[in-house]
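Written out below as structure tokens is the structure these notes cover.
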Amino acid sequence: MLYLGYRDGEEATLVPVAEIGPDGLFPIEGIGSVEASRAFALDHLTPGLQFTLFSEGAQIGSFSAESFSVDERYCRVRPQVRGQIQLIPTVSTVQKFLAAPAREGSQLGYGAYSPVAQTTELRNTSLRMALRVLRDVGVFFPGDVRDIRQDIQVFRARPGAMPTVVATFVSDDDLAVGPAPREAYSIFLTADDDNGADYRRTYVDYRLNSLDGKGATRYFDHLDIDGDGSEEMVIEVMGEHSMWLSTLTRQGGDWVEDYRDPCGLAPTSSGLGR
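When we follow our numbering, the leftmost residue of the sequence shown carries the number 7, and every step to the right adds one.
The following block contains the structure:
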């Protein structure tokens, strides 16, 4: 089972994302309500249970479960685990990570923790891609598109590959759960340079609130979950009343949705203007 976690000093909280199967991720059975999540914790989670932690595709430490509760922020209520973490010295500033029970986690992750630095060129790539999306959907943005860029991350989807650029742009709203005006929109995009020629968009989700409903997406982390040598990307999606989780994987040179919480809204335009 794949988990995601947030650090709080020397402690952290984990919530399960999805089951890891031979063909990818699938929804966890036995959760979705407060009562079901509590029962799941009683059946599957015990004090002292050990987890392996991952960031940037590499193993970075361990987690020991201590207490259990319920996380109701998601459209599909999830169990929550709190416990102590131990991180390797080089990742002392990491605040969020992926996790798996130690027995399964020992087979995941590769290499040393080596985050990619954000250069001006990579940051400008995200701006160029966003402007093309706005042009393609017929939206005139009068200001500086940097003013609506609310998140940008870069990472390597494969060892030795050019960095993947991931960015979120939100207009007239925030990158958080909550109501949004009808005119609000969000863009979540990825860009890759697979042949050294130039970056191109490899995933786009443009959402206009009045038509598509709110679904502002942000990158969480990445990990080679299925062992195929290419990373999967875990993303969080913010709706008006709750949030949900999805994953993307590389397929035919593009990123495609591989998993989504059953209660989450589908992406609207992943093939837009490639």
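Note that CB positions come from ideal geometry on N, CA and C, so glycine has one too.
Query                                                                                                   : Result
CB-CB length for Tyr9 against Ala106, believed under 8 angstroms                                        : 7 angstroms
Residues that DSSP places opposite Asp178 in a beta bridge                                              : Paired residues: none, contrary to the question.
Separation of Phe46 from Gln257, as counted between CA atoms                                            : 33 angstroms
Phe60 beta carbon less than 8 angstroms from that of Leu31                                              : no
Collapsed DSSP secondary structure at Arg79 in the structure displayed                                  : coil
Reduced DSSP category for Glu35 - H, G, I as helix; E, B as strand; rest coil                           : coil
Asp218 - containing alpha helix (DSSP H), residue span                                                  : Asn215 to Asp218
Whole runs of the beta strand (DSSP E) within the region 211-262, excluding any shorter than 3 residues : 222-229, 238-244 and 249-257
Cβ shell of Arg280 (< 6 angstroms), same chain only, five flanking positions each side left out         : With a pLDDT of 48 at Arg280, under the threshold of 50, the predicted position of this residue should be treated as unreliable, and no value is reported.
Range of the contiguous beta strand (DSSP E) that encloses Gly89                                        : Arg84 to Leu93
Selection from Gly221, Gly11, Ala64 and Gly36 that minimises the alpha carbon distance to Asp230        : Ala64
Residues that Arg207 bridges to, as DSSP identifies them                                                : Ala197
Beta-bridge partners of Ile158, as assigned by DSSP                                                     : Ala173
Runs of alpha helix (DSSP H) wholly within the region 106-130 (minimum 4 residues, chain order)         : 108-111
Neighbour-count burial assignment, Ser276, 16 or more Cβ in a 10 Å radius                               : For Ser276, the predicted model reports a pLDDT of 45, less than 50, meaning its position is unreliable and no value from the coordinates is stated.
Given Pro33 as reference, the closest of Pro22, Val40 and Ala42 once Cα atoms are compared              : Pro22
Identity of the residue in Arg13, Thr196 and Leu93 nearest Ala163 by Cα                                 : Thr196
Contact belief for Val243 with Met249 at Cβ below 8 angstroms, rounded distance in angstroms            : 6 angstroms
Gly89 and Ser70 closer than 8 angstroms at C-beta                                                       : yes
Below-8 angstroms beta-carbon distance, Thr125 vs any chain D residue                                   : The chain inventory of the structure shown lacks chain D, comprising one protein chain alone.
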